[in-house]
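Working notes, beginning with the structure itself.
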Amino acid sequence: MKKHTAKEAVKIIIATAKDYNRLLENKNFIFIYRNRLNNQIEYFETVFLPRHFQHLCGVDYINSDNGKVIHNSTDFYNRALNNELSHKEIKLREDGTTNYCLGFSKEGKYYMPSSCLLEDIRNLGDHPSQILAVLSKNNNASEQVYSEIRYVAKGVPLNKIKMPNNLNQMINLSNYKEK
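Shown next as structure tokens:
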């Protein structure tokens, strides 16, 4: 994997901040999968807040005058979003994780992870499971259920899967059209 310079990293960070803002910021996602051990449908939820962006970049935000780490991830994100972040304000991690975090390639209009894994994911997890579907909702009190269908695995009839009652109450499949 190519090692990025601070200048290259800032360009990537600024570009991805705009995508993060447009596609992920203040969104909750629910990932639905079939547990391979017990064959049950399960799920987990995530949230993407402005303060999470810096962690995904794998860099330290530093004071360009004295090199001290600044603990303000929201400011880091806003500076990147507004094209104000400088290569002098970031420090690449010495353990190489910056390059793993910034390992993206552009495919069409989307950035895709090149791969931050050093081996096949199936060798790293105890019992990896296929993601069946991903839905999202805005992260606010007025939106209670996940209704925006972001992904459904090929060949999975989402509306025919027997979901646990608590999951059924969390999602709305009225916009789902089987392919």
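Residue numbers (the numbering used here): 1090 to 1268.
Note that beta-carbon positions come from the ideal geometry of N, C-alpha and C, so glycine has one too.
Being a predicted model, the structure only gives us computed values, none of them experimental.
Start-to-end residues for the beta strand (DSSP E) that takes in residue i
{"i": "L1247", "result": "No beta strand (DSSP E) holds L1247; DSSP gives it neither H nor E."}
{"i": "N1117", "result": "1116–1123"}
{"i": "D1149", "result": "1148–1150"}
{"i": "E1131", "result": "1130–1137"}
{"i": "I1159", "result": "Run containing I1159: none; DSSP gives neither H nor E here."}
Proximal residues to residue i (C-beta, below 8 Å), its chain only, five neighbours per side dropped
{"i": "E1232", "result": "K1226"}
{"i": "R1053", "result": "The structure shown does not extend to residue 1053, since the chain is modelled only from 1090 through 1268, so no value can be given for it."}
{"i": "P1246", "result": "E1267"}
{"i": "N1229", "result": "N1115"}
Closest by C-alpha distance to residue i, when choosing among the options
{"i": "N1254", "options": "Q1129, F1118, E1114", "result": "Q1129"}
{"i": "I1220", "options": "T1163, G1156, F1137, A1242", "result": "A1242"}
{"i": "S1236", "options": "T1135, K1100, N1117", "result": "N1117"}
{"i": "N1261", "options": "E1134, G1156, I1238", "result": "I1238"}
{"i": "V1123", "options": "K1092, T1105, A1222, T1094", "result": "It is worth fixing the name first, because residue 1123 is Arg in this sequence and not Val. R1123 has its Cα closest to that of A1222, out of K1092, T1105, A1222, T1094."}
{"i": "E1134", "options": "Y1240, I1101, I1121", "result": "I1121"}
Host alpha helix (DSSP H) of residue i (start-end)
{"i": "I1103", "result": "1095–1112"}
{"i": "N1254", "result": "1254–1259"}
{"i": "Y1166", "result": "1162–1170"}
Nearest-angstrom beta carbon gap, residue j and residue i [assumed within contact, 8 Å]
{"i": "N1110", "j": "L1170", "result": "6 Å"}
{"i": "I1159", "j": "Y1166", "result": "Not really, about 12 Å apart at Cβ, beyond 8 Å."}
{"i": "V1234", "j": "M1252", "result": "That belief does not hold up - the Cβ atoms of V1234 and M1252 are roughly 13 Å apart, past 8 Å."}
Proximity test, Cβ basis, 7 Å: residue i and chain C
{"i": "L1113", "result": "This model lacks chain C altogether; it includes just one protein chain."}
7 Å Cβ shell around residue i - same chain, five flanking residues per side excluded
{"i": "E1114", "result": "F1137, P1139"}
{"i": "N1248", "result": "L1262, Y1265, E1267"}
{"i": "T1094", "result": "none"}
For residue i: DSSP bridge partner residues
{"i": "S1225", "result": "F1118, E1237"}
{"i": "K1268", "result": "DSSP lists no partner for K1268."}
{"i": "E1173", "result": "E1173 is not bridged to any residue."}
{"i": "K1092", "result": "Bridge partners of K1092: none, in fact."}
{"i": "L1181", "result": "V1148"}
Same chain, Cβ closer than 6 Å to residue i, neighbours up to 5 away in sequence not counted
{"i": "S1162", "result": "R1140, Q1143"}
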